[in-house]
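Colleague: Numbering (the numbering used here), first residue to last: 161 to 366.
Handing you this structure, nothing more for now.
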Ligand SMILES: C[S@@+](CC[C@H](N)C(=O)[O-])C[C@H]1O[C@@H](n2cnc3c(N)ncnc32)[C@H](O)[C@@H]1O
């Protein structure tokens, strides 16, 4: 194991997390606990980080595509898919949001524990800062995701998006609804210092 790598556990899963990669936290766990993957689902895990959500989803999914902008995260998620015996049905690719996904691709479920905290210029940050930095108002990546994700969803498919009250949850609900999706809050968890993490579920009507 490289010196700056730690091990994080969730349920029966063990994940290696390298020093440049987001260490799964309350937001990762809240999303993982609310993950309902049906047997045979085709799942997209956007911003996979160490691959925690991809690995959990792969237990029931027929296939999981995992995307991350960080080359460190891609390497780490590949290792964790292998270590948790789901590499055969997990494909991990590097790219900015949907750029590595073919336009005709449609998923049953799209997950994103997004970078949602208000910050200054995202591009100037380290790979680790880009795991949490959401730019002005915390919505720079979220808004692009909300705009693009419905195109990649099957009829009846769902999106689970994790963000926080610091990045305007109502704006997210409003933007999904404007695109014709049903959108609601599925779960939330209060953190210290006046922040609540919020899991939004958006569903494409069949
Ligand atoms: C909060 S972390 C979540 C990691 C993991 N899914 C989890 O729940 O622990 C956000 C992840 O999104 C990735 N990310 C940030 N901007 C991205 C973008 N534009 N396209 C793809 N991935 C991005 C980051 O590199 C980071 O791994």
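Yeah, the Cβ is synthetic: ideal placement off N, Cα and C, and Gly gets one too.
Which one of 186, 174 and 220 has the shortest CA to CA distance from residue 439?
Modeller: As displayed, the chain neither begins before 161 nor continues past 366, which places residue 439 out of reach and without an answer.
Colleague: Tell whether a beta-carbon distance below 8 Å holds between residue 299 and residue 275.
Modeller: no
Colleague: At a cut of 8 Å, does the segment 230–249 reach the segment 295–309 through at least three beta carbon pairs?
Modeller: no
Colleague: For residue 298, is the beta carbon positioned less than 7 Å from some heavy atom of ligand 1?
Modeller: no
Colleague: Roughly how many whole angstroms lie between the Cα atoms of residue 170 and residue 353?
Modeller: 25 Å
Colleague: Considering Cα atoms alone, identify which of 198, 315 and 333 is closest to residue 323.
Modeller: For residue 323, the nearest C-alpha among the options comes from 333.
Colleague: What does the alpha-carbon distance come out to for the pair residue 167 and residue 177?
Modeller: One Cα belongs to residue 167, the other to residue 177, and the distance between them is close to 6 Å.
Colleague: Give a yes or no on contact between the segment 201–221 and the segment 344–361, applying the rule of three or more CB pairs nearer than 8 Å.
Modeller: As far as the Cβ criterion goes, the segment 201–221 does not touch the segment 344–361, which means the pair count is below three.
Colleague: In whole angstroms, what is the alpha-carbon distance linking residue 288 and residue 254?
Modeller: 15 Å
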